[in-house]
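Reviewing the structure listed below.
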Amino acid sequence: MICYLACFGFAIALLDCIRLYCNIRKCNCSALGAIIEVEETLSHSKNRIYLNYQPIYQYTVLGKTFTNKINMISSDPESYKLNSKVLLYYEESNPQNFIPSDEIKYIKKSVIVSALLFLISLAILVWINVGQK
Numbered sequence: 239m240i241c242y243l244a245c246f247g248f249a250i251a252l253l254d255c256i257r258l259y260c261n262i263r264k265c266n267c268s269a270l271g272a273i274i275e276v277e278e279t280l281s282h283s284k285n286r287i288y289l290n291y292q293p294i295y296q297y298t299v300l301g302k303t304f305t306n307k308i309n310m311i312s313s314d315p316e317s318y319k320l321n322s323k324v325l326l327y328y329e330e331s332n333p334q335n336f337i338p339s340d341e342i343k344y345i346k347k348s349v350i351v352s353a354l355l356f357l358i359s360l361a362i363l364v365w366i367n368v369g370q371k
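If you read the sequence shown in the working numbering, its first letter stands for residue 239, the second for the next number, and so on.
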């Protein structure tokens, strides 16, 4: 039963990573932006409290200024330095859809790791089912 749940969980994680990857593939234009604020939020996990950091970016496309954040956070306060310049990739038809260049590597790595975990759990599940016959 636990293998079924693990396989299902890794499949969901893989699908979400693929969704993110497909979204970043739409971002084919670039602009230089800046981190204008870093929000601090608390999260709870396993009876511990964690402080997370989420940057807010500002960038200009064709004379229009955008201020947005993405759903990426870090527990390392050094990850996002206030007022630092960042290369951003945005979607030409929807400049509010953007991704910092630093996060692209993270998303690609997440797709690979999720795919490997899914395949390993699927192989274990098949091995268990074949062994029971």
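Glycine is no exception: its CB is placed at the ideal position from the N, C-alpha and C atoms. Please read all numbers here as calculations on a predicted model, not as lab measurements.
| Query | Result |
| --- | --- |
| VAL364, buried or exposed, once every other Cβ within 10 Å from all chains shown has been counted against 16 | exposed |
| When TYR295, CYS241, MET310 and ILE311 are compared against PHE304, the one with the closest alpha-carbon | TYR295 |
| Backbone secondary structure at GLY369 - three-state DSSP | helix |
| Coarse secondary structure for ILE311, derived from DSSP in three states | coil |
| Segment contact, 8 Å Cβ cut-off, at least three pairs: the stretch 314 to 321 with the stretch 245 to 257 | no |
| Reference GLU277, options LYS264, LEU270, ASN261 and ASP314, closest by Cα | ASP314 |
| Cutoff 7 Å; reference PRO333; Cβ partners in own chain excluding five residues on either side | VAL299 and PHE304 |
| Environment of LEU325 [buried if 16+ CB atoms lie within 10 Å] | exposed |
| Interface flag, LYS343 vs chain B, CB-CB below 9 Å | The displayed structure is made up of one protein chain only, and chain B is not part of it. |
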